[in-house]
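Protein chains: 2
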Amino acid sequence: MAKENLSIPRGTRDFGPQQMMVRNHIFSTIRSVFERFGFAPLETPSMENLSVLTGKYGDEGDQLIYKILNSGDFLSEVKPEDVQNGHKAMLRKVSEKALRYDLTVPLARYVVMNRNTLTFPFKRYQMQPVWRADRPSFGRYREFYQCDADVVGTKSLICEVEIMQMIAEVMERLEIKDYIIKINHRQILAGLADFCGAPGREAEMSVSLDKLDKVEWKVVADELIQKGFSETFVQKLEQLRTGIISFLSADFQKLKEEMKSNELAAKGFADLDAIVNLVSGFPEVLEKMRFDLSLARGLSYYSGPIFEVVPQGVKVGSISGGGRYDELTSVFGVDGIPGVGFSFGIDRVYDLLSELGKTSAMPSSASKVLVVQFDENQVPFYLSLLSTLRKSGISCELYPEAAKLKKQFAYADAKQIPWVVVAGEDEIKENVLTLKDLGTGTQKKMGLLELVEKLR
Amino acid sequence: MAKENLSIPRGTRDFGPQQMMVRNHIFSTIRSVFERFGFAPLETPSMENLSVLTGKYGDEGDQLIYKILNSGDFLSEVKPEDVQNGHKAMLRKVSEKALRYDLTVPLARYVVMNRNTLTFPFKRYQMQPVWRADRPSFGRYREFYQCDADVVGTKSLICEVEIMQMIAEVMERLEIKDYIIKINHRQILAGLADFCGAPGREAEMSVSLDKLDKVEWKVVADELIQKGFSETFVQKLEQLRTGIISFLSADFQKLKEEMKSNELAAKGFADLDAIVNLVSGFPEVLEKMRFDLSLARGLSYYSGPIFEVVPQGVKVGSISGGGRYDELTSVFGVDGIPGVGFSFGIDRVYDLLSELGKTSAMPSSASKVLVVQFDENQVPFYLSLLSTLRKSGISCELYPEAAKLKKQFAYADAKQIPWVVVAGEDEIKENVLTLKDLGTGTQKKMGLLELVEKLR
């Protein structure tokens, strides 16, 4: 294979050192916050049995699942005439396994398989790639990481409160200041449809309402009429709708008051009030929370509070979201396991940090200092110096060849290694080292102890 | 799908919280050592174009690559009569992508694609899963992690020296004390075959020699004769062969002396001497290194020093290995890029720690302390307590419901959370908390400051 034809599959990416240093920073920040809140890690196989995944994501989802060809002679059960029956019928004969599509179905599968030994409430986080045979486009990839945290086996709204805190903590550690957490409740949406005169049609209503952050009310209203909602329904909805408002606002109180006769909505508002009440002990979290009546979130399995984290003043859309569900595992025949979960989109977070100009400020090299190989005969000295630095927690490396100084400095520059140490025979005899700051260009002679202090 | 039929594909595994806490400890130890030595992270896509992987692992390897079915109508180019041409011919029509089989071919592909912008020597590490459609058995999985570190673009033996140091550092941090690093050199093997009278036949010879750690010399000798090596060859080989010996031993000096007329072997010994000479500044590393003339390592692309890390006194075999190669990228048409690399087998390391009884000593829960929900009305107080603990770096959680104390303690026990805090209305009024050590069963009342000090 010639070098000219080399490529990677469309919609996938190589992450070089510079990107990985940032990505690992994001991963370790999220992991550290998850663990601080008592979530424990879980990993499931990349491959699941096709029967586990099929039928869980709708017809369109089924199409987007990557199937794995059976190994060995995958045609052993295939007859020529099978080709005429089409690819859907053929699939069962040539493929038994597929790549996971999200982390929620594998979680449900894991919980069902281990339900007799697991300790509930089960608090797990999972950070692994998922695969979707989607059409690649800006910000949409065929392989991407999800970072999920779920509490399974409790209806306690304390979980929601802690999720709000975790979001705020991750944002603070990543130095993302300008964002809001949009919040709504599935039962408020159900109550709203009911209250306006179309009980049970909240899904259709929500799909249209969801567009309000992109289009004007008129467009949404027309769409609802086209869907067969009545003029009265649309008028009532228009009266009730709010913008994205604070939970402490008069508008929020007014809406709650107006809908209080509706039992579904009242239950939803009671949940939100309970959450807001507990979060009020943490004003820095509460100030990020907004009520958004048009927030719907697609996945139909949500049944309680739902939320989405939206950075402000940037192009990147929501970077995290989640909600409460009553039935995690009923698709696998086990009922009555409720829970709540949320997910960070690592790629979106990366894009956001990049748009905010924060990625260039992060370390792009593992090494903090390059020891120049000035003199081949001094390699034992250099190795001993490296060993001392590393024991002091300083990542460092020796240029592996006694190349020209210019080349070695260019290497440090290209890798954005901030410091360089030079030591020739004379300096080594005198017990001094020259430390050069590649940022400012200044250099200074010093002893080993001072060097370690300076670099640490 | 009924719960009874749920399973995961054979040869794959779920890693629950307890296993993951240990695995993450191994991962972060290795990552930290790699970075301390100046290696930077790289990640490549799970899926590679099938053409990139095919032909790189031999015929048997090609069979073991997991192929991904084209998405959409994968039969669009297939005619019924194609079925009769067999699965190998069919493959090209239904699959374009495959799951990576190791991390070396993706590295080579990445280096070729980015050779004009990369800074050489390129020091990268990569920790990602690989997939092989192998027959599953004890310790052999279809999905497993590899942790590779390579230095690409230099012939400097300093890299080998640093790899020895990195191995020793990882072992020390994982508290694995009893192990050796077996070392050999491909040119010594070539020289040996030449010296004994069968030039160019070192590969065949090595396959037999490699069995010496499992069978007696007689068996190896018979196999060599069967392969067509002469009696003289076998006799000469028997005279020269050593056991697993120290580089400081008389036997090693004697072998070197005997073979010094052979140019290939002399080059190999010169390399090893240079490595040993530099490592001698680090006696704790040197004492782990052994010369092993029968070490061959399978992959044919190695061309210089080769090595393998073998724990002693346990069932688990080698947990790490690697070597030097002259041509990383020639399979992709780019010549003259040498390098050296090695890899840790995470699953083997896990099995070893487990065999050594070290996995039970590691934390199995993310939380260090469970705050009991003694009184539902005190949840705001509990949340504020949690917030204080977390700000002090203590991972903790609140039981989400005001369940019976017995149930909450059982939860902490099952999750191996070492401490429990109980605070009822009276205690909160008095500004005291009860801290219970679940290991010893002792408990004590104390103020918040003392609690934080104790847990930190």
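The listed protein sequences derive, respectively, from chains A and B.
Under my numbering, the first residue of the first sequence is numbered 41, with each subsequent residue one higher.
Under my numbering, the first residue of the second sequence is numbered 41, with each subsequent residue one higher.
Just so it is clear, CB atoms sit at the ideal spot from N, CA and C, and this is done for glycine as well.
Name the two residues that bound the continuous alpha helix (DSSP H) containing residue i.
i                      : result
residue 298 of chain A : 290 to 298
residue 421 of chain A : 419 to 431
residue 99 of chain A  : 98 to 104
residue 279 of chain B : 271 to 280
residue 217 of chain B : Note, residue 217 of chain B: premise wrong, no alpha helix (DSSP H); not H, not E.
residue 261 of chain A : 257 to 266
residue 146 of chain B : 144 to 153
Could you check if residue i is buried or exposed, using at least 16 other CB atoms within 10 Å of its CB as the buried criterion?
i                      : result
residue 417 of chain B : exposed
residue 382 of chain B : buried
residue 178 of chain B : exposed
residue 471 of chain B : exposed
residue 501 of chain B : The structure shown does not extend to residue 501 of chain B, since chain B is modelled only from 41 through 496, so no value can be given for it.
residue 188 of chain B : buried
residue 124 of chain B : exposed
residue 489 of chain A : exposed
residue 190 of chain B : buried
residue 259 of chain B : exposed
residue 208 of chain B : buried
residue 51 of chain A  : buried
residue 255 of chain A : exposed
If you run the structure through DSSP and keep just helix, strand and coil, what is residue i?
i                      : result
residue 285 of chain A : strand
residue 68 of chain A  : helix
residue 401 of chain A : coil
residue 309 of chain A : helix
residue 168 of chain A : strand
residue 385 of chain A : strand
residue 364 of chain A : strand
residue 189 of chain B : strand
residue 406 of chain B : coil
residue 107 of chain A : strand
residue 125 of chain B : helix
residue 74 of chain B  : helix
residue 80 of chain A  : strand
residue 301 of chain A : coil
residue 370 of chain B : helix
residue 119 of chain A : coil
residue 195 of chain A : coil
residue 411 of chain B : strand
residue 180 of chain B : strand
Would you mind giving the Cβ-Cβ distance between residue i and residue j, rounded to the nearest angstrom? I have them listed as a contact below 8 Å.
i                      : j                      : result
residue 371 of chain B : residue 148 of chain B : 7 Å
residue 462 of chain A : residue 474 of chain A : 4 Å
residue 362 of chain B : residue 203 of chain B : 7 Å
residue 79 of chain B  : residue 164 of chain B : 6 Å
residue 110 of chain B : residue 73 of chain B  : Not confirmed; about 41 Å, so no contact.
residue 138 of chain B : residue 106 of chain B : 6 Å
residue 328 of chain A : residue 219 of chain A : 7 Å
residue 342 of chain B : residue 172 of chain B : Going by Cβ atoms, the distance from residue 342 of chain B to residue 172 of chain B rounds to 20 Å, so no, they are not a contact pair.
residue 280 of chain B : residue 232 of chain B : 7 Å
residue 359 of chain B : residue 305 of chain B : So it is not a contact: roughly 29 Å between Cβ atoms.
residue 197 of chain B : residue 334 of chain B : Rounded, the Cβ-Cβ distance is 22 Å, inconsistent with contact.
List the residues of chain C that residue i touches, going by C-beta distances under 8 Å, in chain order.
i                      : result
residue 115 of chain A : This model lacks chain C altogether, as its protein chains are A and B.
Between which two residues does the beta strand (DSSP E) containing residue i stretch?
i                      : result
residue 139 of chain A : 135 to 139
residue 15 of chain B  : This structure cannot speak to residue 15 of chain B, because chain B is shown only from 41 to 496.
Original post:
Which parts of the stretch 437 to 492 of chain A are runs of the beta strand (DSSP E), unbroken and 3 residues or longer, counting only runs that do not cross its ends?
Top reply: 459 to 462, 473 to 477, 483 to 486
**OP:** Only counting runs of 3 or more residues, tell me where the beta strand (DSSP E) segments fall wholly within the stretch 315 to 362 of chain B, in order along the chain.
**Re:** 329 to 332, 342 to 351
Subject >> Every unbroken alpha helix (DSSP H) inside the stretch 222 to 253 of chain B [4 residues or more] >> reply: 226 to 235, 242 to 249
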